[in-house]
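In the numbering used here, the protein residues as written are 483 to 943.
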C-alpha cells in the first residue's frame with residue numbers, strides 16, 4: 483500500500499473534492515503511479531482529520547473521473563492513463579494484470595456456436611416477434627426450456643411455475659422484491675455471495691449472517707436465528723457454496739428444511755453452480771413445498787453475456803415474481819433468451835458445458851500442482867478455490883500485495899455478512915485468465931506470496 487497523505491491546506495472547496503483534486507494532481511505529476519493502492523478510508527480520514535464518509539466521497543469522485551478503481555475486499559488502486567471503467571469486468575483489462583477476482587467460467591467453445599445461432603434466428607419465423615415486447619417471465623416455450631434446465635439439478639417445476647430473469651443476480655432481486663418488505667430480516671450464511679448485499683440494501687432488508695462450517699450452514703445456528711425474532715426467509719448456496727466451495731450433505735439439507743418448515747420460513751436456494759458439479763444432492767427447495775424458491779442461470783455453465791436465468795417458487799407467488807420482473811426490466815432480453823433456449827433445445831448448451839468442464843478440470847489440476855502443500859478447498863467442476871492463508875497473513879493484506887504484484891483475487895471480507903469476523907482466506911477464480919499460461923503465471927505469484935511472510939506491517943501514523 484502506498485503511504486500517501488495529501489496536503490489539503492491550499493485547496494479550496496468541499497473537503498471530498500479537495501481529496502479528489504489531490505489524487506488527480508499527484509497522478510499527473512507521478513507521485514501516484516498506476517497500481518498504487520490508496521490508504522484505507524479510516525486511516526486517511528484519521529490522518530486528515532475528516533470523516534470516513536468524506537474520504538469515501540473523495541475516492542468516489544476520483545473513480546468517476548477515471549483515476550482510480552475501488553474493489554470491495556481489495557481496496558482502491560490508481561489506474562493507468564486511459565483506463566476505462568467499463569473494462570473492469572473484462573479478463574486482462576489492464577496490460578500485465580492477471581485477474582482472478584470474478585467467478586468467470588473456464589473458457590469454452592461458445593463463440594463458435596454464436597454466429598450459427600444468430601443466422602438461424604435471423605432466418606427463422608420468430609425473428610420479427612423478438613423485436614416486440616415479451617411476456618414478463620418469458621414465453622411458454624422459454625419457460626419450458628427453463629423447466630428442463632432446472633430438472634437437470636433435481637428442481638422439478640412445471641413451466642407455469644418458472645419465471646425467466648435477466649440472470650441470477652436479477653433473480654435474487656426479483657425473489658427478494660416479491661417476498662420481502664422493508665425492514666424484513668433474511669438469514670444467510672455468514673460468508674455468502676456478495677451480490678445479495680446491495681440488493682438487500684436497496685430493498686431495505688436486513689441480512690443476518692449465520693455460522694457455518696466446512697459443510698455449509700449450521701442447522702443449530704439457523705434454529706437460533708428463527709427463535710431470535712421474525713425471520714422472513716433464508717438465502718443459501720448448498721451446492722458449491724460461494725466463496726468456500728462447500729457442498730452441503732443431504733442430512734444437513736433435510737435438517738435445515740425441517741427447521742424452516744416448522745417455523746414457516748421461506749428458503750431461497752441459489753443453485754447457480756449445481757450444473758457444474760459431479761455430486762448432486764436433492765435441492766433444499768424441493769423439500770420445502772410452498773415455502774421453496776430456487777434461483778439459477780446459464781451464466782456459469784453456458785455464457786455469462788447471455789444474462790438469462792430462471793426462478794421457481796410456489797404457484798401462489800408466481801404473479802408476484804412476474805410483477806417484480808416487470809418492475810425491474812419488463813422482461814429478459816428476447817434475443818439472448820432465444821439464443822439460450824435454442825442452445826438448450828438443440829444440444830449446443832451441452833456441448834458448451836462439456837468444453838467448459840474439460841477446461842475447468844485441466845485448470846484445477848494446474849492450480850493444485852502449483853499450490854503444492856498450501857491448504858485450500860476445491861470441488862471438481864467448480865470455478866474457484868478457497869485458499870486458507872498461512873499465519874501471519876491477513877486476507878486484505880494478501881489481496882493488496884497480490885494486486886501490487888499484478889494478480890487480482892478477492893478477500894474473505896468481501897463475502898462477510900454484517901459484523902462477522904471473516905477467516906484469513908481468499909477466493910481465487912481460475913476460470914478468468916484467458917489462457918492456462920496466464921493462469922500458471924498468476925498462481926505462481928500467489929504461491930510464492932503465500933509461502934513468504936508479509937514484507938511489513940501497517941504504516942505508523
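Where is the CB? At the ideal position from N, CA and C, for every residue including glycine. Model, not experiment: these values are computed from the prediction.
By the criterion of a C-beta distance shorter than 6 Å, residue 508 is surrounded in its chain by 514, once the five residues flanking it on both sides are discounted.
The alpha-carbon separation between residue 757 and residue 617 amounts to approximately 27 Å. Your pair residue 644 and residue 794 checks out as a contact, with CB atoms roughly 5 Å apart and the cut at 8 Å. Contact annotation: residue 887 and residue 927 have beta-carbon atoms nearer than 8 Å. For residue 747, there is no enclosing alpha helix (DSSP H), since its DSSP letter is neither H nor E. Burial is judged here by how many other beta carbons sit within 10 angstroms of a residue's own beta carbon; residue 485 has fewer than 16 and is exposed. Residue pairing of residue 869 in beta bridges, as defined by DSSP: 858 and 908.
When 898, 560 and 657 are compared, the shortest CA-CA separation from residue 882 is found for 560. With 16 or more other CB atoms across the displayed protein chains lying within 10 angstroms of its CB, residue 912 is buried. With three or more CB-CB distances shorter than 8 Å, the stretch 818-828 counts as touching the stretch 624-631. A Cβ-Cβ distance of about 7 Å is found for the pair residue 669 and residue 704, placing them in contact under the 8 Å criterion.
Ranked by Cα distance from residue 914, the options 903, 884 and 841 are led by 841. In the DSSP assignment, residue 647 forms a beta bridge with 791.
Just so you know, the alpha carbons of residue 892 and residue 910 end up roughly 7 Å apart. With 16 or more neighbouring CB atoms inside 10 Å of its own CB, residue 724 falls in the buried class. Per DSSP, reduced to three states, the secondary structure at residue 610 is helical. Taking one beta carbon from each stretch, the stretch 577-587 and the stretch 540-549 have fewer than 3 pairs nearer than 8 Å; the two do not touch. Distance between residue 877 and residue 818, taken at the CA atoms: about 38 Å.
Here DSSP, grouped into helix, strand and coil, assigns residue 708 to helix.
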